[in-house]
Structure formats: structure tokens, C-alpha cells
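Below: one structure, written as C-alpha cells.
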Amino acid sequence: VQGGDPTGTGSGGKSIWNKPFRDECNSKLQHTGRGMLSMANSGPNTNKSQFFFTYRSCKGLNGKHTVFGRIVGGIETLSAMEAIPTDNKDRPQSDIVIEDTIVFVNPYDEVDAELKAERERQEKREVEEEKATGTIRSVKSTK
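Here the sequence shown stands for residues 1 to 143, where the numbers follow the UniProt record's numbering.
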């Protein structure tokens with residue numbers, strides 16, 4: 001199931017930045033199994049507003065489409081969407097509307113923690129280098 005095109009043409013929509021954004025493919029997030037949520041695109045780094053859910057594993061999409069979620073409850077809703085008849089252009093014959101979603105795990109919490117740890121490691125390396133070379137590091141203001 002693909003959605004996120006406000007024009008309904010299959011080629012509409014824009015990102016929050018009003019321009020396409022880069023792919024963020026991650027080897028930990030793959031198209032393995034039913035209910036994976038990914039960005040639809042027309043080629044590398046052309047993500048806008050469209051997204052899709054997988055009905056099954058789609059390993060051929062790995063590295064081409066950014067996985068950013070998965071269905072963890074309510075898989076019967078995906079089954080209901082899959083059962084809706086489509087026309088000869090593969091468009092559903094009745095509207096599919098996602099009225100509500102719940103984010104169970106915020107991936108930004110993990111990313112923020114990783115960035116903080118990397119900054120701390122970098123700072124420690126700089127301090128150790130300064131000790132070894134006898135240089136004085138400039139102090140950054142936090143104000």
C-alpha cells in the first residue's frame with residue numbers, strides 16, 4: 001500500500017522542506033517481513049511525502065528506500081487494506097484513510113544518545129591529544 005500523495009496522481013506531494021531529501025538507508029532497518037514502513041521515491045535522494053507499507057519481505061528494496069517504521073499492532077488493518085479491490089491501474093476502488101497512528105519508540109531518542117556519546121568521545125580524544133602535545137584547547141562558551 002502506497003500513500004502520502006495529496007494529489008492522488010502517484011507523483012505529487014512534497015517534503016516538509018519543500019524539496020526532496022536524501023535517503024537514510026540503514027543496515028539495521030531492512031524490508032524484512034510484513035508491515036514495514038518506508039519512504040517511496042523515484043530514485044536516489046528523491047524522497048518527498050509518499051510512503052508505503054510492505055505486505056511481505058521485499059529484500060530488493062533494501063538500500064533503495066528508507067525504512068522508518070513498522071506496524072507492531074493492528075496488523076489486521078494492513079490485511080484489510082490489502083483486501084480492498086483495485087482498478088486496472090492498481091489504485092484502490094475505495095478510499096483508504098489512516099486516521100490515527102501511535103509512535104511506540106521515538107528513533108530520535110536513540111540518535112540523540114549516539115550523537116552525545118560521539119561528541120563525548122571526540123572531546124576526550126581532543127583532551128588526550130592536548131595532554132600529549134602540551135597545547136591548550138580553546139574553551140567554548142555555553143551561553
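Just so you know, even glycine gets a beta-carbon here, dropped at the ideal spot from N, CA and C.
Cβ neighbours of residue 25 within its own chain (closer than 8 Å, five residues either side excluded): 62, 63, 64, 65, 66, 67. A direct Cα-to-Cα measurement between residue 128 and residue 115 gives close to 20 Å. Taken in chain order, the whole alpha helix (DSSP H) runs of length 4 or more contained in the UniProt domain "PPIase cyclophilin-type" (1 to 103) are 75 to 83. DSSP places residue 111 within a helical segment (H, G or I) once states are collapsed to three.
For residue 33, the CB contacts under 8 Å within the same chain, skipping 5 residues up- and downstream, are 54, 56, 57, 70 in chain order. Rounded to the nearest whole angstrom, the CA to CA distance from residue 111 to residue 38 is 18 Å.
DSSP places residue 127 within a helical segment (H, G or I) once states are collapsed to three.
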